[in-house]
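To keep things clear, I will list the structure first and then write my remarks on it.
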Amino acid sequence: MSASTSRTAHRTTHRTSINAPADLVFSMLRDASHWPFIDGLTVYSERVSGDDATHELRTSVVSNGALSSSHCWRVFDAASHRAEFQQLDLEPPLLHLGGDWEIRLSDGLSVVTLSHGFEVDDEHLAEQINQIIEDYSRRELEALRASCERLSILLQHHAPQGQPADVSAGQPGERTVAQTPAPPTAKEV
């Protein structure tokens, strides 16, 4: 790249509303071991290092009709329902690819925002990369919405009447569902 060539940072933002608790949505995002069963794009996903707060993730996805593998570093902030990611093994034309997930409550729904930032070494390819990100993000958010809403209904159905179910991630690939105990009745006190 010559000194006179400037890079342009490209950003995309995608949003969807999910009728499920923010904790459940965040848990589904953090535990990528089940993604092959959910999104229809991921064929393999494994946390290769780190813990629930920060880790390296290896995934294989179908992109543009071809299988591609990648590594990314992810950082989670459970208190603010936010996750950042950075691709580690980029090949030209990509010079940078990263972004974040953010979950906010609004009108009883979890509003999920997925943002990407990328730079390329050939600006003529920026629109093509943008289209790939657009397609993947749309499909990924729709799969997340459908999965979280189904799981939320299932958990509500199996929780005691009037008591919400608590969902938390244990080991990768393991999901713990604990039902919040009902307050004692007058007879029990």
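Taking numbering that gives the first Met the number 0, I'd label the letters of the sequence shown as residues 0 to 188. The C-beta atom is built at its ideal place from N, Cα and C for all residues, glycine as well. What you are looking at is a predicted structure, and each value in this text was computed from that prediction instead of being measured.
Thinking C-alpha only, which one of 93, 77, 71, 95 is nearest residue 84? 71
Let me confirm a value: residue 44 is counted as buried when at least 16 other C-beta atoms fall within 10 Å, else exposed. Which label applies? buried
Return the residue from the list 139, 158, 155 that minimises the CA-CA distance to residue 35. For residue 35, the nearest C-alpha among the options comes from 139.
What did DSSP end up calling residue 245 once you bin it into helix, strand or coil? Not covered by the structure: residue 245. The range shown for the chain is 0 to 188.
Under the three-state reduction of DSSP, which class applies to residue 125: helix, strand or coil? DSSP places residue 125 in helix when its eight states are reduced to three.
Could you tell me which residues DSSP puts in a beta bridge with residue 82? 75, 100
Inter-residue spacing [alpha-carbon to alpha-carbon] between residue 20 and residue 79: Just so you know, the alpha carbons of residue 20 and residue 79 end up roughly 13 Å apart.
In whole angstroms, what separates the C-alpha of residue 12 from that of residue 106? 21 Å
Chain-order list of residues whose beta-carbon lies under 6 Å from that of residue 110 (same chain, five-residue window excluded): 16, 103
Among 66, 119, 143, which one has its Cα closest to the Cα of residue 91? 119
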